[in-house]
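Residue numbers (the numbering used here): 31 to 199.
Quick reminder that beta carbons are idealized off the backbone N, C-alpha and C, glycines included.
Since the structure is predicted, the reported quantities are computational estimates derived from the model, not experimental observations.
Notes follow the structure.
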Amino acid sequence: MDLKTIKINTEENLHDLSLDKAVMLVFLRHFGCVFCREALFDLAKKKEEIDAGNVELVFVHMATEELAESYFSEFGLPDVKHISDPECELYAKFGLVKGNFSQLFGFNTWVRGFEARKKGIRWTMEKIGDSLQMPGIFLFRDGQLRNSYVHKTVSDRPDYNKLIHCCTA
Numbered sequence: 031m032d033l034k035t036i037k038i039n040t041e042e043n044l045h046d047l048s049l050d051k052a053v054m055l056v057f058l059r060h061f062g063c064v065f066c067r068e069a070l071f072d073l074a075k076k077k078e079e080i081d082a083g084n085v086e087l088v089f090v091h092m093a094t095e096e097l098a099e100s101y102f103s104e105f106g107l108p109d110v111k112h113i114s115d116p117e118c119e120l121y122a123k124f125g126l127v128k129g130n131f132s133q134l135f136g137f138n139t140w141v142r143g144f145e146a147r148k149k150g151i152r153w154t155m156e157k158i159g160d161s162l163q164m165p166g167i168f169l170f171r172d173g174q175l176r177n178s179y180v181h182k183t184v185s186d187r188p189d190y191n192k193l194i195h196c197c198t199a
């Protein structure tokens, strides 16, 4: 895949951005999903640490840029770089598929949903994007894929420190 063709909201391309620092490309689920919100919550808490490791967060989402920026601001990520992909074309190029019933609604997903809710992360029935779309994370440095995490279920919670270690050690 040619990272030079993937443009972010600042008009930079992923390839060139990855020459200056590692890029953590985070493919989110729809903004109504409690696990999408949990990912934003978790990454906002780690933002200083991520920045200190010379890693640039870039989110891929299915909403308009304006709507996405309001969600990013809500979670303390007001100036984060992002890519709007309402048709999920970039998701597909990275091999991220539509979830099946157990990936989306399995028992562990329900349990994890209630755990996230206990942390104060609200969910809504609002669907902003494809509610079947699975998330994933890809780490690039110097134009090369260095690490990735493809969710097995929507409720998977990646170890972000372990993911970025390949690019910060």
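- Assignment of A74 by DSSP, reduced to helix, strand and coil, places it in the helix class.
- Inter-residue distance for K149 and S100 is about 21 Å (C-alpha atoms, whole angstroms).
- A straight-line Cα-Cα distance of about 8 Å links F61 and A93.
- Where H195 is concerned, the enclosing alpha helix (DSSP H) starts and stops at 190 to 198.
- Distances from the CA of L175 to each of T35, I36, V53, N43 were compared; the closest alpha carbon is that of V53.
- With respect to the 8 Å criterion, F57 and G166 are classified as neighbours on the basis of their beta carbons.
- Per DSSP, the unbroken beta strand (DSSP E) holding F57 starts and ends at 52 to 57.
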